[in-house]
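Numbering (the UniProt record's numbering), first residue to last: 1 to 224.
Here's the structure, in structure tokens; my notes come after.
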């Protein structure tokens with residue numbers, strides 16, 4: 001009997017007509033080609049357009065931050081500002097674990113985000129990561145107001161918002177909008193998150209995050 005120098009994995013992949021990607025665990029384990037995945041590993045290598053130059057260092061979506069699973073196990077809370085290096089999809093996943101009754105249920109939130117991304121790809125035909133980036137850029141307030149003065153004589157003063165806080169607040173507003181929309185509603189949380197991200201990416205006032213951002217900026221403008 002003639003020996004074949006093709007490994008078992010290669011034989012299975014060739015028999016099913018699937019290409020072999022040694023750098024991707026997904027297609028080896030699940031026997032699925034990357035072309036079937038709307039937001040798989042290879043699609044992360046595209047150049048994502050971050051139009052806002054101030055946020056380019058704070059939205060980790062390129063090169064080494066491109067992860068298929070939003071669970072890297074990194075120690076991003078150990079040092080100040082290190083969370084800016086956390087992959088942006090993982091930050092969204094972690095923010096979905098609010099409030100107390102949802103703490104620690106990361107497998108559930110990973111599944112929710114994955115379903116939401118698949119819905120976004122079906123509805124828009126775009127890469128869901130680009131939609132997420134656009135939603136974060138549009139949802140972060142650029143101006144806010146702070147309290148100045150001692151107790152008794154307190155006034156509000158308009159201030160600029162730092163890029164990291166813009167990203168933090170945008171993620172929080174997007175997750176809060178999705179959570180409130182799904183509460184006591186027949187729609188699933190994944191569908192609500194997909195709708196929120198799509199509306200925010202378009203800058204639509206149907207988005208909870210866009211409405212809150214406009215409200216914060218309007219209050220800040222009146223306190224200049």
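Every residue gets a Cβ at the ideal spot worked out from N, C-alpha and C, and that includes glycine.
| Check | Outcome |
| --- | --- |
| Cβ pair residue 170, residue 136 closer than 8 Å | yes |
| Buried versus exposed, by CB contacts within 10 Å (16 or more), residue 81 | exposed |
| C-alpha gap between residue 128 and residue 198, whole angstroms | 9 Å |
| Sheet register partners of residue 157 (DSSP bridge) | 146 |
| Segment contact, 8 Å Cβ cut-off, at least three pairs: the stretch 131-150 with the stretch 70-80 | no |
| Proximity of residue 133 and residue 146 at Cβ, strictly below 8 Å | no |
| C-beta atoms of residue 157 and residue 223 nearer than 8 Å | yes |
| Residue 172 beta carbon less than 8 Å from that of residue 95 | yes |
| Presumed contact (8 Å Cβ cut-off) between residue 143 and residue 220, rounded CB distance | 4 Å |
| Nearest-angstrom Cα separation, counted from residue 85 out to residue 52 | 17 Å |
| Residue 214 to residue 201 span [Cα, whole Å] | 15 Å |
| In DSSP terms, what residue 60 is bridged to | 87 |
| Straight-line gap, residue 206 to residue 67 (C-alpha atoms, nearest Å) | 30 Å |
| Counted within 10 angstroms of its Cβ, other Cβ atoms place residue 183 as buried (16 or more) or exposed | exposed |
| Among 91, 59, 98, 63, the one whose alpha carbon lies nearest that of residue 74 | 91 |
| Straight-line Cα distance separating residue 105 from residue 176 | 17 Å |
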